[in-house]
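A.B. asks: Read in order, the letters of the sequence shown correspond to residues 1 to 114 in the UniProt record's numbering. C-beta: ideal position from N, C-alpha, C; glycine also. Structure provided below as structure tokens; questions to follow.
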Amino acid sequence: MAQTAADDWRVDPWMPYRELLHVVEWFYNPDVARPDGPAALRRLVYAVEHRGAVSSRHDIPRFLAELRSALHDPGRVRPGALKDAAAYTDEDDAAFLVRVWCDIYPDRPCPLGG
1 MAQTAADDWR VDPWMPYREL LHVVEWFYNP DVARPDGPAA LRRLVYAVEH RGAVSSRHDI
61 PRFLAELRSA LHDPGRVRPG ALKDAAAYTD EDDAAFLVRV WCDIYPDRPC PLGG
């Protein structure tokens, strides 16, 4: 598979929103994720937030901060990067990000931008 500008996050450790992209690829991309990916992410976030668990693979606090920031302004994430990482079928990046939030926090309001 040829590298594209949207793929930069895979090789550049300083790429903005790298952890967000890494996590959504791991839990949402049908070529990578297990069938219960969104539910597994919800369990992981819960364990980190409520039990003090630490993931050896994902920086969950950083992921959540990047998710909140991207929800506020989806245009901050490099165009095409979320679609590339998650291979989502949602309408656009904003709709996908809302779905991720609702998968993690079904009972919390989504922190959308203005």
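State the start and end residues of the unbroken alpha helix (DSSP H) segment that holds C110.
C.D. replies: Note, C110: premise wrong, no alpha helix (DSSP H); not H, not E.
A.B. asks: For R57, which three-state DSSP category applies?
C.D. replies: DSSP places R57 in coil when its eight states are reduced to three.
A.B. asks: So, at 7 Å on beta carbons, what are the nonlocal neighbours of D59 in its own chain, with the 5 sequence-adjacent residues on each side left out?
C.D. replies: Answer for D59: E19, listed in chain order.
A.B. asks: Closest to P38 by C-alpha separation, out of L112, D73, V98, P111, would be which residue?
C.D. replies: It is V98 whose Cα lies nearest to the Cα of P38.
A.B. asks: Over the uninterrupted alpha helix (DSSP H) stretch that includes A47, give me the two end residues.
C.D. replies: Note, A47: alpha helix (DSSP H), 37-51.
A.B. asks: Which same chain residues end up closer than 6 Å to V77 when comparing Cβ atoms and leaving out the 5 residues on each side of it in sequence?
C.D. replies: Contacts found: Y17, A70.
A.B. asks: How should V54 be labelled, buried or exposed, when 16 other C-beta atoms within 10 angstroms of its C-beta is the threshold for buried?
C.D. replies: Per the 10 Å Cβ criterion, exposed.
A.B. asks: I'd like the list of long-range same chain contacts for I104, defined as Cβ closer than 7 Å, with 5 residues on each side in sequence excluded.
C.D. replies: Answer for I104: L41, R42, V45, listed in chain order.
A.B. asks: Closer than 6 Å by C-beta to E66: which residues in its own chain qualify, once you throw out the five before and the five after it? Chain order, please.
C.D. replies: These residues qualify, in order along the chain: Y17, E19, L20.
A.B. asks: May I ask which residues mark the beginning and end of the alpha helix (DSSP H) holding V100?
C.D. replies: Taken as a continuous stretch (DSSP letters only), the alpha helix (DSSP H) holding V100 covers 93-104.
A.B. asks: Between the alpha carbons of D31 and T89, how many angstroms are there, rounded?
C.D. replies: C-alpha separation (whole angstroms): 14 Å.
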